[in-house]
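Trainee: Take this structure, written in structure tokens, and hold onto it; I'll ask about it next.
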Amino acid sequence: MKKIKITLSIILLAVFSLMFTSCHRARPLPKELNGKLYLSQNLWYQHPEKIYSVSYKTGARLPAGTEVHDVKVSRKAIYFKLADSNQQYRIIYQQKFSLIPVMQFADRLFTQKNLAELTKDFTPAEKNCIKTGTLTKGLSKAAVLVGYGYPPPHRTSSTQNNVWRYWINRFMTQQLIFNDKGKLTSF
8 MKKIKITLSI
18 ILLAVFSLMF
28 TSCHRARPLP
38 KELNGKLYLS
48 QNLWYQHPEK
58 IYSVSYKTGA
68 RLPAGTEVHD
78 VKVSRKAIYF
88 KLADSNQQYR
98 IIYQQKFSLI
108 PVMQFADRLF
118 TQKNLAELTK
128 DFTPAEKNCI
138 KTGTLTKGLS
148 KAAVLVGYGY
158 PPPHRTSSTQ
168 NNVWRYWINR
178 FMTQQLIFND
188 KGKLTSF
């Protein structure tokens with residue numbers, strides 16, 4: 008009886024160890040996202056290996072529509088490389104701020120549409136703001152999502168709201184206000 012308990016304990020320990028370690032292992036995106044992938048939004052960073060999922064709006068910027076490859080997702084990070092570079096980028100996924108599963112976050116971040124396809128319905132002014140990573144009054148919510156990214160859900164519960172809050176850095180936030188027609192009126 009004692010040998011059976013020890014054997015069962017060892018088996019359970021092995022199973023839990025396997026489950027725990029597999030949760031942290033980076034996995035490629037699902038097969039339906041094979042092919043060319045692009046950033047669906049502008050992405051700011053100070054260090055390529057330490058980009059936070061709240062997406063601080065400071066430092067260098069990877070433009071929306073940038074082609075990426077070798078995208079892998081783990082429970083706590085998203086890894087990718089630029090198509091024209093071997094530079095590795097890592098987004099540190101912060102569940103407590105993102106409030107959505109990491110795969111849903113990755114799905115928002117990457118698209119199979121290039122920049123022309125992403126911005127085909129936008130005005131020339133909106134396209135310019137997306138290209139420069141800037142804001143101006145009159146931008147549609149859709150253009151802000153591409154040009155500035157999704158607001159962190161822990162501060163903006165829905166993009167249907169007319170007030171969105173972004174983090175500039177760890178200590179400063181920026182509030183964007185839209186009118187009832189979904190146009191940016193204040194930032």
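In the numbering used here, the protein residues as written are 8 to 194.
Ideal Cβ positions, reconstructed from N, Cα and C, are used throughout, including at glycine.
Quick caveat: nothing in here was measured; it's all calculated off a predicted structure.
1. Could you have a look at V170 and say whether DSSP puts it in helix, strand or coil?
2. Suppose the cutoff is 8 Å on Cβ atoms and the five residues either side in sequence are ignored; what does the same chain contact list for T166 look like?
3. Do you know offhand how far T192's Cα is from L146's?
4. With a 10 Å radius around its C-beta and 16 neighbouring C-beta atoms as the bar for buried, classify G154 as buried or exposed.
5. With a 10 Å radius around its C-beta and 16 neighbouring C-beta atoms as the bar for buried, classify N49 as buried or exposed.
6. What residues are listed by DSSP as bridge partners for E74?
7. Which whole-angstrom value is the C-beta distance of A150 and F129, which I expect to be below 8 Å?
8. Around the C-beta of R97, are 16 or more other C-beta atoms found within 10 angstroms, so that it is buried, or is it exposed?
9. For G72, count the other beta carbons within 10 Å of its own beta carbon; 16 or more makes it buried, fewer makes it exposed. Which is it?
10. Could you check how far apart the C-beta atoms of T46 and V78 are, in whole angstroms? I think they sit under 8 Å.
11. Does the beta-carbon distance from T143 to C136 come in below 8 Å?
12. Can you look up K88 in the DSSP assignment and give me helix, strand or coil?
13. Is it buried or exposed for V170, if we count other Cβ within 10 angstroms and need 16 for buried?
Mentor: Put simply:
1. Of the three classes helix, strand and coil, the one that applies to V170 here is strand, per DSSP.
2. So the qualifying residues of the chain are K148, L152, Y157, P158.
3. Those two C-alpha atoms are separated by around 8 Å.
4. That one is buried.
5. N49 is buried by the Cβ-count criterion.
6. Its beta-bridge partners are Y45.
7. Indeed they touch by this definition, with Cβ atoms about 5 Å apart.
8. R97 should be labelled buried.
9. Residue environment analysis places G72 among the buried positions, since at least 16 neighbouring C-beta atoms fall within 10 angstroms of its C-beta.
10. One point to set straight first is that residue 46 is Leu, not Thr, in the sequence displayed. Taking 8 Å as the upper bound for CB-CB distance, L46 and V78 are not in contact here, some 10 Å apart.
11. Result yes, Cβ atoms of T143 and C136 sit closer than 8 Å.
12. Under the three-state reduction of DSSP, K88 is assigned to strand.
13. Note on V170: under 16 other CB atoms within 10 angstroms of its CB, so exposed under the neighbour-count rule.
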